[in-house]
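S.K.:
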Amino acid sequence: MKKQAPYFEQVYEITRAIPYGRVSTYGAIADYLALGSARMVGWALRNALLWQDDIPAHRVVNRNGELTGRMHFDTPETMQALLESEGTRVENNQVVLFREKFWHPEALDHA
DNA sequence: GACCTGACGCCCC
DNA sequence: AGGGGCGCCAGGT
């Protein structure tokens, strides 16, 4: 098992903090870290799937609430299945009531 | 140390 | 509504 790059670990930490039943976005995470870019968050999460199994990577979607990363799971339906198993409904490849489910990492500062 | 690659986001037709 | 261009920037070669 290879040692993870520091940047990846920071992304993992934020992702683990996403509450059950909520979702966040690539942009929000990149924003909060003030490091890297939205694009790199996705890259890091792909790594997370390969190396870690304790990261709720399915809770990260793009800014429209779309499951753009679903093809990186075991099967293209896995991401949606995981979300629905925790009460997050998905229709037409998009999180239903995305705006209400959205969680921004800055909530960590408040807490 | 240059070059390539990305689970994005934004702007422009 | 849909498609293309480009900035983004850490890590792996």
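Numbering (my numbering), first residue to last: 5 to 115.
In this text, a Cβ means the ideal position worked out from N, Cα and C, and glycines have one as well.
Within the chosen definition, does the segment 8-25 reach the segment 39-49 through at least 3 CB pairs nearer than 8 angstroms?
M.R.: Contact holds: three or more Cβ-Cβ distances are below 8 angstroms.
S.K.: Could you pull the start and end residues of the alpha helix (DSSP H) that L87 belongs to?
M.R.: First-last of the alpha helix (DSSP H) with L87: 82-89.
S.K.: Give the secondary structure of T19 by DSSP, where H, G and I count as helix, E and B as strand, and everything else as coil.
M.R.: T19: helix per DSSP, three-state reduction.
S.K.: Which first and last residues belong to the alpha helix (DSSP H) in which N97 is found?
M.R.: Segment: none, N97 is in no alpha helix (DSSP H) and carries neither H nor E.
S.K.: State the CB to CB distance for the pair W107 and I33, rounded to an integer number of angstroms; the pair is presumed to be in contact (CB under 8 angstroms).
M.R.: Contact doesn't hold; Cβ gap of about 10 angstroms is too wide.
S.K.: Find the nearest neighbour of I59 within the set R67, V99, M75, Y24, judged by alpha-carbon distance.
M.R.: Of the candidates R67, V99, M75, Y24, the one whose C-alpha sits nearest the C-alpha of I59 is Y24.
S.K.: If you drop the 5 nearest sequence neighbours on each side, which residues of the same chain put their C-beta closer than 7 angstroms to that of Y30?
M.R.: A42, V45, G46, V64, N66.
S.K.: Near T82, which residues of its chain fall below 8 angstroms by C-beta distance, leaving aside the five closest residues on each side in sequence?
M.R.: Hits under 8 angstroms: H62, R74.
S.K.: Tell me whether M5 is buried or exposed, calling it buried when 16 or more other Cβ atoms sit within 10 Å of its Cβ.
M.R.: Caution is warranted here: a pLDDT of 49 is assigned to M5, below 50, making its placement in the model unreliable, and the coordinate value is therefore given only provisionally. Exposed, because fewer than 16 other Cβ atoms sit within 10 Å of the Cβ of M5.
S.K.: Quick one: Cα of Q56 to Cα of G40, how far?
M.R.: Each residue's alpha carbon lies about 21 angstroms from the other.
S.K.: Out of L86, T92, F102, N51, which one is the CA nearest neighbour of P10?
M.R.: Checked all of L86, T92, F102, N51; the closest Cα to P10 is N51.
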